[in-house]
Every structure is written in structure tokens, then in C-alpha cells.
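Student: To convert a position in the sequence shown, counted from 1, into this note's numbering, add 74. Think of the CB as a built atom: it goes at the ideal place given N, C-alpha and C, for glycine as much as any other residue. Remember, predicted model here, so these are calculated numbers, not experimental data. The structure's right below; bear with me while I get my questions together.
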Amino acid sequence: MKKLIVITLGILLFTACQKPLKIAYVDIEEIMKEYKGTKDIEAEMKVKSESLKKELDSLVINWQDKARAYQNKAQRMSSQKRAEQEQSLMQEQQQINQRQQEVQMQVQNEGQEKLKQITDEIKTFMDGYAKENGYNFVLGTSKENGNVMYGEAAADITKIIFIEVV
Numbered sequence: 075m076k077k078l079i080v081i082t083l084g085i086l087l088f089t090a091c092q093k094p095l096k097i098a099y100v101d102i103e104e105i106m107k108e109y110k111g112t113k114d115i116e117a118e119m120k121v122k123s124e125s126l127k128k129e130l131d132s133l134v135i136n137w138q139d140k141a142r143a144y145q146n147k148a149q150r151m152s153s154q155k156r157a158e159q160e161q162s163l164m165q166e167q168q169q170i171n172q173r174q175q176e177v178q179m180q181v182q183n184e185g186q187e188k189l190k191q192i193t194d195e196i197k198t199f200m201d202g203y204a205k206e207n208g209y210n211f212v213l214g215t216s217k218e219n220g221n222v223m224y225g226e227a228a229a230d231i232t233k234i235i236f237i238e239v240v
């Protein structure tokens, strides 16, 4: 019986000495949307996409001109010359399609890479902020992906982070 009392007192003292967990959450979607780095990258990617679109449009227009010229001359060409021209136009069209896919992949990969950089910047900031302010956990949530199903408004530090990060 004495051992049970000593163990119980030990457990009570141990739990009384522990500090409570400090937990907060951040609406990461809101931070990402308003973060200056995100806006800069969106603008940069828009300019790049428009530039690449102009390049592709130029290739398509050039191909269309060649196709029209072929159609105008096709009746006067020998069957062998027509076949060669058609083959050439088909190859050029395939090259344009391939370039379009390459451009899409390039823009997508570059966008993902830049998004990762932003995410890393925010994560680094959050790590420092949490340590400075004594948080044991800072959870990320968003309207679309509700990782935090409930949280008191006092635990929402989105506005604080927003002011310091943005």
C-alpha cells in the first residue's frame, strides 16, 4: 500500500511539473495566397507563359501558312511532290505538338519548383516563430483540406504570421 501511495504521489508530482502543450494552427492557404513571394512568382510565371505562348503561336501560324500554300499548289504538283509536302507538314505539326508538351512540362515543373521554394521559406519562418514563442506544435490547415477540424479562435495565429511573413 505504501508503494502504491508513493507511486501515485510520484506520478502526480511528475505531471504537475510538466508544462502544458502550446498548440496553434495556421491557415496555410491564406498565407500562401497573400505571401509576397507567391505573388511575385505568379507574375513571373505569367510573363514566362505568355512569352512561350507567343513562341508557340508563331510556330503554329508559320505552319498554317505553309499548309495554305501547299493547298493552293497541291493541284499542280505531281503525286510524289504532294506526298513529300504532306509528309513534311505532318512532321512539322508533330514537332509543334511535341514543343507544346515540352513547354507545358517546363512551365509546370518550374512552377512546382518555385512553389517548393516558397513553402520552404514559410516553413523555415514557422520553425523559428514556433521556437521563439514556445509552441510545441503549429498545425497547418486550409478551407479545402481541414486537417484541423476544430480550433479555438485564440489558437489561430494566421493573422500574426500573415503580418510577419507577408
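Roughly how many angstroms separate the alpha carbons of L83 and G208, rounded to a whole number?
Tutor: For L83, the predicted model reports a pLDDT of 49, less than 50, meaning its position is unreliable; a value from the coordinates is still stated below. Cα to Cα, the separation comes out at about 28 Å.
Student: With a cut-off of 8 Å on the beta carbons, I'd call S216 and D101 a contact; round off their distance for me.
Tutor: Rounded to whole angstroms, the Cβ separation of S216 and D101 is 6 Å, and the two are in contact under 8 Å.
Student: Quick check: the region 130 to 137 against the region 165 to 173, are at least 3 beta-carbon pairs closer than 8 Å?
Tutor: yes
Student: Looking at the structure shown, is G214 part of a helix, part of a strand, or coil, going by DSSP?
Tutor: G214 falls in the strand class under three-state DSSP.
Student: Helix, strand or coil for Y203, going by three-state DSSP, please let me know.
Tutor: helix
Student: Threshold first: 4 residues or longer. Then list the alpha helix (DSSP H) segments lying entirely within the region 88 to 121, N to C.
Tutor: 102 to 108
Student: From the DSSP output, in three-state form, read off N219 for me.
Tutor: N219 falls in the coil class under three-state DSSP.
Student: Determine the DSSP secondary structure at G185, reduced to helix, strand or coil.
Tutor: In the three-state reduction of the DSSP assignment, G185 falls in the helix class.
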